[in-house]
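For reference, the structure discussed in these notes is given below.
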Amino acid sequence: MTKVLIVEDLRDAQKWLQEAALLAFPSAQVNCCTTLRRALLWITENTPDICLVDLKLPDGTGVNFIEACRTRHPACYQVVTTIYDDDIHLMPALQAGASGYLLKDEPQTAIAGALRSVVTDGAPPLSPLIARRMLEHYRQRPLPGEPVNGLEAEGQESLSPREQQTLTLIAEGHTIARAADLMGVSYHTAARHVKNVYGKLGINSRAEAVREAIRIGLYSP
873 MTKVLIVEDL
883 RDAQKWLQEA
893 ALLAFPSAQV
903 NCCTTLRRAL
913 LWITENTPDI
923 CLVDLKLPDG
933 TGVNFIEACR
943 TRHPACYQVV
953 TTIYDDDIHL
963 MPALQAGASG
973 YLLKDEPQTA
983 IAGALRSVVT
993 DGAPPLSPLI
1003 ARRMLEHYRQ
1013 RPLPGEPVNG
1023 LEAEGQESLS
1033 PREQQTLTLI
1043 AEGHTIARAA
1053 DLMGVSYHTA
1063 ARHVKNVYGK
1073 LGINSRAEAV
1083 REAIRIGLYS
1093 P
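Position one of the sequence shown corresponds to residue 873 (this note's numbering), numbered consecutively onward.
Encoded structure:
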């Protein structure tokens, strides 16, 4: 049974997200917390599979929760659900380890589909507008003769061709197992590539992988 936690202080939004979660996972156990304090207490006593997190809470921010939950439950998917579509809110959430970023003005069926995909396929749940913002923010194409990923100028290690391929596949939403099949390597080899990519880029989530793949020109949503 999928265990869902909704961190949202507005009752109407809470109810709407609960309906979306049950649309995605009909047999899910859905729990709701209206404050950061209650949500932090809840995750000390329970292990969620996926969290839907509002960014503005009465006693803190959703980013605070994402950081805490990611530390305690690294396998849990942290999905921001918000009205804010600007970089000021988007980037800190992704840097904190959010697995996705969905806008509340999306159709309920679209929200449900995105939640289902992140759990079943590991596909980062991103509203179309957010994907476009990420593309605009990180649209940096390398010049001829430069490293494909352009990371050496930033003092970071360059990705090998195989690591670049791995990053592209992960950004496209493929699981590690599927990426391994597409590259013709073992699961453990693909997992090692993912670990190396995350380490070199200083990232911790699939959503951040999408962001970096867009930034360095390996993926376009």
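In this text, a Cβ means the ideal position worked out from N, Cα and C, and glycines have one as well.
For Leu895, there is no enclosing beta strand (DSSP E); the enclosing alpha helix (DSSP H) has its first and last residue at Arg883 to Ala896. Only exposed fits Met873, as fewer than 16 other CB atoms lie within 10 angstroms of its CB. Ile960 counts as exposed, since fewer than 16 other beta carbons sit within 10 angstroms of its beta carbon. Taking C-beta atoms under 8 Å as the contact rule, Ala1043 and Tyr973 fail to qualify, at a distance of about 15 Å. Inclusion of Ser1077 and Ser989 in the CB contact set at 9 Å is not warranted, their separation being larger than that value. In this model, Arg944 and Gln967 are separated by some 17 Å (Cα to Cα).
In this structure, Ala1081 is the residue among Thr933, Glu917, Ala893 and Ala1081 with its C-alpha nearest to the C-alpha of Gly1045.
The C-beta of His1060 has fewer than 16 other C-beta atoms within 10 Å across all chains shown, which makes the residue exposed. One Cα belongs to Leu913, the other to Ser999, and the distance between them is close to 29 Å. Where Thr919 is concerned, there is no enclosing beta strand (DSSP E), because DSSP gives it neither an H nor an E. Annotation for Cys941: no beta strand (DSSP E) segment contains it, though the alpha helix (DSSP H) segment containing it runs Gly934 to Arg944. Thr906 places its beta carbon 9 Å or farther from that of Leu924. In the three-state reduction of the DSSP assignment, Tyr1059 falls in the helix class. At least 9 Å separates the beta-carbon of Leu929 from that of Cys904. Only buried fits Gly969, as 16 or more other CB atoms lie within 10 angstroms of its CB.
By the CB criterion at 9 Å, His1065 and Glu1035 fall inside the cutoff.
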